[in-house]
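For the sequence shown, the positions run 1 to 460 when our numbering is used.
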Amino acid sequence: MTAIYQQSKANADNAPHVFDSSSKGGPHSELAFLEKDEDVFVERSDHDFHYKTLSWQFVSLLMIAEIVSNGMLSLPSALAVVGIAPAVILIIFLGVFGLFTAKLLVDFKLNHPGVHNMGDAGYIIGGPIAREILALGTIIFAICGTGSVLLTGQQALSTLSNNGLCAMYLLLIFSVVTFLLALPRTLDRLSWLGLISVLLITLSGIVAMIGAGLNPTPGRVLNATISTNFYQAFLAITNPVFSYAGHFMFFVLISEMKHPEDAMKAAWCLQGFATVFYTVFAVVIYVYIGNTVASPALFSLPEKWAKASFGIALANFLIAGSLYSHTAAKLLFVRFFRHSRHMYSHTMLGWTVWVVLCFAAVAIAFVLAIAVPIFSYLIGIAASLFASWYTYGLAGFFWLHDAGELEGRKRGLWRRPGGLILAVLTILAGAFICVSGTYVSIKLINDAYRDGLVGKPFTC
1 MTAIYQQSKA NADNAPHVFD SSSKGGPHSE LAFLEKDEDV FVERSDHDFH
51 YKTLSWQFVS LLMIAEIVSN GMLSLPSALA VVGIAPAVIL IIFLGVFGLF
101 TAKLLVDFKL NHPGVHNMGD AGYIIGGPIA REILALGTII FAICGTGSVL
151 LTGQQALSTL SNNGLCAMYL LLIFSVVTFL LALPRTLDRL SWLGLISVLL
201 ITLSGIVAMI GAGLNPTPGR VLNATISTNF YQAFLAITNP VFSYAGHFMF
251 FVLISEMKHP EDAMKAAWCL QGFATVFYTV FAVVIYVYIG NTVASPALFS
301 LPEKWAKASF GIALANFLIA GSLYSHTAAK LLFVRFFRHS RHMYSHTMLG
351 WTVWVVLCFA AVAIAFVLAI AVPIFSYLIG IAASLFASWY TYGLAGFFWL
401 HDAGELEGRK RGLWRRPGGL ILAVLTILAG AFICVSGTYV SIKLINDAYR
451 DGLVGKPFTC
């Protein structure tokens with residue numbers, strides 16, 4: 001793998017990198033640059049926008065801000081379904097597994113500096129059709145992620161205001177602020193917000209654990225293990241599975257690093273922090289609340305503690321939502337204008353397209369959240385169909401592609417039997433999560449309609 005990276009880096013360093021001020025960008029020129037495997041961003045002193053500015057420390061903070069957000073709030077309920085032991089083992093295993101797949105993604109990005117997102121990676125391993133599927137999936141998942149965080153933010157505002165305003169209006173307010181935070185064109189403008197976000201979500205979790213400890217549920221029931229059927233068990237484990245579902249942003253983040261070769265340091269920080277924090281938070285909340293713990297878990301706390309925790313986490317929800325919508329907009333913006341003057345200079349067309357893309361990402365998420373009563377279930381389907389592959393399964397395909405390219409398809413693969421086995425198992429794991437998660441999500445929708453739990457659109 002190192003040989004491929006060194007050769008790719010040499011190719012990128014020796015590429016002409018001509019900045020064509022008259023270029024209009026567009027899919028054809030953008031695809032040509034991708035095929036040459038040139039770095040997605042060019043750095044020149046006369047550029048107005050400089051993209052390759054992030055340190056690995058700030059990348060790790062942005063990763064944590066995006067992933068360790070509202071995902072942690074659903075973890076204690078998993079312990080209530082399958083018990084402490086299986087759930088904790090699963091959370092830790094998925095953290096380690098996520099670190100392994102992150103390594104494969106980072107290696108692939110280093111070997112192919114022209115890759116900016118999952119769609120670009122799809123083109124390299126599967127051609128134009130794979131590119132369109134993975135790019136569309138990234139956009140859909142990013143918008144669904146935005147919508148999920150918007151709903152969590154609306155719940156936080158409703159809790160803080162004692163439902164003093166219609167939920168639809170609170171969702172609109174939260175959406176407007178999310179849109180404004182997504183507008184900076186380069187991620188370094190969000191990097192310090194990432195630090196604030198991580199501090200706040202950590203403090204929010206600590207406050208929630210203190211609140212649970214000071215107000216334990218009388219007569220609570222705790223179980224080390226719980227026997228259940230496949231449907232209930234997988235429904236429970238989808239929470240920890242998708243609490244690590246942030247790998248779809250890795251290529252976007254690494255593309256804006258000053259030193260992409262340091263990306264694994266950021267991945268170590270992310271997975272280490274997330275795994276420890278998830279485990280401690282889930283266990284502490286479950287131990288003090290018991291099998292009646294709600295999802296989100298903060299609704300199981302006394303009102304003043306729920307308000308305190310929600311209030312502290314509010315900024316994190318805003319930043320996480322802005323990162324999701326920024327990712328959806330950035331994918332299309334780079335596709336339209338890669339290596340064009342609109343990418344690097346203040347132009348009317350460039351700014352107009354960027355603002356429209358950010359607005360569209362947040363607006364679509366808002367409309368889905370308020371107009372589709374089953375939107376929360378659709379998020380589960382989107383996560384099953386796409387995050388299962390972006391976080392887990394695709395990493396195996398990336399390894400197979402680059403290992404085969406290293407010394408020829410057969411020789412490069414069979415000389416690494418350990419890596420080959422792990423890659424195949426990774427693909428199978430992604431496929432299993434995809435199929436099972438989709439089945440569970442569809443059954444949830446069916447059960448919700450059967451039990452009359454589906455509300456009406458555009459209501460408070």
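The beta-carbon is built from N, C-alpha and C at its ideal position, and this holds for glycine as well.
CA-to-CA distance, residue j to residue i, given in whole angstroms
i	j	result
residue 252	residue 421	28 Å
residue 436	residue 353	38 Å
residue 93	residue 66	20 Å
residue 450	residue 432	27 Å
residue 54	residue 248	18 Å
residue 208	residue 88	19 Å
residue 440	residue 424	24 Å
residue 284	residue 457	36 Å
residue 200	residue 146	19 Å
residue 259	residue 239	33 Å
residue 388	residue 430	5 Å
residue 279	residue 217	20 Å
residue 390	residue 84	28 Å
residue 291	residue 303	19 Å
residue 142	residue 326	9 Å
residue 100	residue 400	15 Å
residue 15	residue 112	Caution is warranted here: a pLDDT of 40 is assigned to residue 15, below 50, making its placement in the model unreliable, and the coordinate value is therefore given only provisionally. Rounded to the nearest angstrom, the two C-alpha atoms are 14 Å apart.
residue 323	residue 163	27 Å
residue 120	residue 134	8 Å
residue 161	residue 91	34 Å
residue 39	residue 79	44 Å
residue 282	residue 296	11 Å
residue 95	residue 71	14 Å
residue 361	residue 443	28 Å
residue 370	residue 377	13 Å
residue 403	residue 415	9 Å
residue 152	residue 397	34 Å
residue 368	residue 375	6 Å
residue 232	residue 293	16 Å
residue 44	residue 190	22 Å
residue 343	residue 168	36 Å
residue 459	residue 165	12 Å
Any non-hydrogen atom of the ligand SAH within 8 Å of residue i CB
i	result
residue 256	Annotation note on the ligand SAH: not contained in the displayed structure, which lists no ligands.
Range covered by the alpha helix (DSSP H) that runs through residue i
i	result
residue 303	303-337
residue 358	348-371
residue 135	118-160
residue 212	188-214
residue 343	341-344
residue 56	56-67
residue 264	263-289
residue 76	75-82
Candidates the options, of which the one nearest residue i by Cα
i	options	result
residue 379	38, 365, 348	365
residue 306	156, 323, 52	156
residue 382	397, 265, 355, 242	242
residue 203	142, 82, 277, 334	277
residue 395	164, 118, 153, 263	118
residue 270	97, 81, 40	97
residue 42	160, 114, 69	114
residue 455	443, 392, 372	372
residue 316	335, 64, 417	64
residue 183	328, 442, 418	328
residue 223	403, 402, 77	77
residue 314	189, 192, 198	198
residue 226	368, 418, 398, 86	86
residue 172	244, 335, 434, 149	149
residue 132	332, 343, 273	332
residue 257	68, 228, 109	109
residue 392	445, 246, 81, 459	246
residue 230	219, 82, 460	82
residue 187	308, 428, 330	330
residue 275	265, 244, 264	244
Beta-carbon proximity check, residue i vs residue j, cutoff 9 Å
i	j	result
residue 319	residue 194	yes
residue 235	residue 73	no
residue 350	residue 337	yes
residue 438	residue 385	yes
residue 103	residue 267	yes
residue 170	residue 154	yes
residue 301	residue 212	yes
residue 106	residue 273	no
residue 309	residue 205	yes
residue 356	residue 116	no
> Using 8 Å as the threshold, is the segment 42-62 in touch with the segment 253-263, meaning 3 or more CB pairs across them?
Replying inline: yes
>> Quick check: the segment 43-54 against the segment 165-176, are at least 3 beta-carbon pairs closer than 8 Å?
In response: no
>> Under 8 Å: do the segment 119-131 and the segment 437-456 share three or more Cβ pairs, one atom per stretch?
In response: no
>> Taking 8 Å as the cut-off, does the segment 130-143 touch the segment 270-287 (at least 3 CB pairs, one atom from each stretch)?
In response: no
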